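Below is one structure; the comments refer to it alone.
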Amino acid sequence: MTDVRAHIRQGVHGALHVRAWPHPAPRYLALLVHGYGEHAGRYDEVAGVLTGHGAAVYAPDHLGHGRSAGERAVIEDFEDVVTDLRAAADLARAEHTGLPLVMVGHSMGGLIAARYAQRYGSELSALVLSGPVIGAWELPRRLLALDEIPDVPVGPAALSRDPAVGAAYAADPLVWHGPMKRPTLVAFERGLAAVAEGGDLGDLPVLWLHGDDDRLVPIEGSRVGVERLGAGRATERVFPGARHEVFHETDRAKVFAEVTGFLDSVLV
Numbered sequence: 001m002t003d004v005r006a007h008i009r010q011g012v013h014g015a016l017h018v019r020a021w022p023h024p025a026p027r028y029l030a031l032l033v034h035g036y037g038e039h040a041g042r043y044d045e046v047a048g049v050l051t052g053h054g055a056a057v058y059a060p061d062h063l064g065h066g067r068s069a070g071e072r073a074v075i076e077d078f079e080d081v082v083t084d085l086r087a088a089a090d091l092a093r094a095e096h097t098g099l100p101l102v103m104v105g106h107s108m109g110g111l112i113a114a115r116y117a118q119r120y121g122s123e124l125s126a127l128v129l130s131g132p133v134i135g136a137w138e139l140p141r142r143l144l145a146l147d148e149i150p151d152v153p154v155g156p157a158a159l160s161r162d163p164a165v166g167a168a169y170a171a172d173p174l175v176w177h178g179p180m181k182r183p184t185l186v187a188f189e190r191g192l193a194a195v196a197e198g199g200d201l202g203d204l205p206v207l208w209l210h211g212d213d214d215r216l217v218p219i220e221g222s223r224v225g226v227e228r229l230g231a232g233r234a235t236e237r238v239f240p241g242a243r244h245e246v247f248h249e250t251d252r253a254k255v256f257a258e259v260t261g262f263l264d265s266v267l268v
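Pasting the structure below:
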């Protein structure tokens with residue numbers, strides 16, 4: 001896609017960079033919430049699907065990520081990132097008043113989106129979670145137990161069976177290619193606890209997408225969190241053989257069809 005606009009808003013800790021994929025006459029708003037170490041620009045194809053479905057799409061680069069302010073890959077409190085996300089939502093609503101708002105959160109973005117829904121659920125018409133970091137995710141605890149965090153970045157092959165996805169990720173200068181940082185790991189533990197204690201989402205429609213070969217965020221750990229949020233009411237779609245990034249997988253056309261079909265069923 002080439003028709004992408006850039007906005008700068010004041011975030012909790014500095015400049016917040018927000019991408020916008022416009023639509024001439026949208027019927028709803030979609031807010032994309034990216035994962036750890038990456039940035040909103042990696043969601044161009046997802047945004048294209050959603051604009052083709054009738055959405056005006058917005059996506060911030062989180063604190064410490066992409067073009068937004070902050071030390072790279074450092075988040076000390078996910079509540080601040082949720083507040084930044086609401087600034088992006090306010091931007092979308094200011095440009096298109098009166099439209100329903102749906103949120104799509106991937107991985108760490110699933111944690112952020114779930115917490116947003118707990119804090120501001122009345123503002124949302126639907127929530128889509130892709131490989132969400134909620135429930136029982138053991139990586140922060142394991143790494144924090146070490147005296148030194150190993151300098152092991154996310155392996156590109158863990159993202160998708162499509163080798164082009166891994167190659168693009170490895171070559172992307174806006175992606176963080178270093179180790180996880182201790183303050184962020186501590187924040188993950190607090191964020192997981194906040195979502196666990198934050199209550200379910202009532203009648204908010206929730207779609208949960210996951211690859212059954214996701215080794216970064218194993219499916220059974222996420223299931224614990226999704227069940228707490230949706231009390232068994234969430235729509236679940238598991239993709240055989242898919243790795244962590246179902247939106248970038250070899251069968252992503254099926255994933256996109258699930259998303260648009262779900263939105264058609266709830267945006268009436």
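With UniProt numbering applied, the sequence shown corresponds to residues 1 to 268, in that order. C-beta atoms are modelled at their ideal positions from N, C-alpha and C, and glycine is treated no differently. Fair warning: this is a prediction, and the values are worked out from it, not measured in the lab.
#### Entry: Complete alpha helix (DSSP H) runs within the segment 117-154 (minimum length 4 residues, chain order)
Contiguous alpha helix (DSSP H) elements confined to the segment 117-154 occur at 139-144, taking only those with 4 or more residues.
### Query
Ends of the alpha helix (DSSP H) at residue 188?
Taken as a continuous stretch (DSSP letters only), the alpha helix (DSSP H) holding residue 188 covers 182-197.
### Message
Closer than 8 Å is the cut-off here; do at least three beta carbon pairs connect the segment 197-215 with the segment 125-134?
### Response
Touching, yes.
### Task
Name the residue from 257, 175, 193 whose alpha carbon lies nearest to the alpha carbon of residue 67.
Answer by Cα proximity: 175.
### Query
Do residue 11 and residue 84 have their C-beta atoms within less than 7 Å of each other?
Cβ distance < 7 Å, so residue 11 and residue 84 count as in contact.
### Message
Report the CB separation of residue 115 from residue 78 in whole angstroms; it is logged as a contact under 8 Å.
### Response
Right, the Cβ-Cβ distance comes to about 6 Å (below 8 Å), so this counts as a contact.
### Task
With a cut-off of 8 Å on the beta carbons, I'd call residue 109 and residue 34 a contact; round off their distance for me.
The pair is a contact, with the Cβ atoms about 5 Å apart (cut-off 8 Å).
### Task
Excluding the 5 residues preceding and the 5 following residue 23 in the sequence, name in chain order all residues of the same chain whose CB lies nearer than 8 Å to its CB.
If we look at residue 23 and ignore the five residues flanking it on each side, its Cβ neighbours are 51, 54, 55, 56, 57.
### Where residue 91 sits in the DSSP three-state scheme
DSSP places residue 91 in helix when its eight states are reduced to three.
### Query
For the alpha helix (DSSP H) that residue 50 lies in, which residues bound it at each end?
Start and end: 44-52.
### Same chain, Cβ closer than 7 Å to residue 76, five either side skipped, listed in chain order
Excluding the 5 residues flanking it on each side, residue 76 has same chain C-beta neighbours closer than 7 Å at 183, 187, in chain order.
### Message
For residue 166, count the other beta carbons within 10 Å of its own beta carbon; 16 or more makes it buried, fewer makes it exposed. Which is it?
### Response
When all chains shown are included, residue 166 counts as buried.
### Query
By the 10 Å Cβ neighbour count, where 16 or more other Cβ atoms means buried, how is residue 61 classified, buried or exposed?
Note on residue 61: 16 or more other CB atoms within 10 angstroms of its CB, so buried under the neighbour-count rule.
### Task
Use the C-beta contact count for residue 27: other C-beta atoms within 10 angstroms, 16 or more gives buried, fewer gives exposed.
For residue 27, the number of other beta carbons within 10 angstroms of its own is below 16, and it is reported as exposed.
### Query
Hey, is the segment 91-100 in contact with the segment 37-44, meaning 3+ C-beta pairs nearer than 8 Å?
Cβ pair count under 8 Å is below three, so no.
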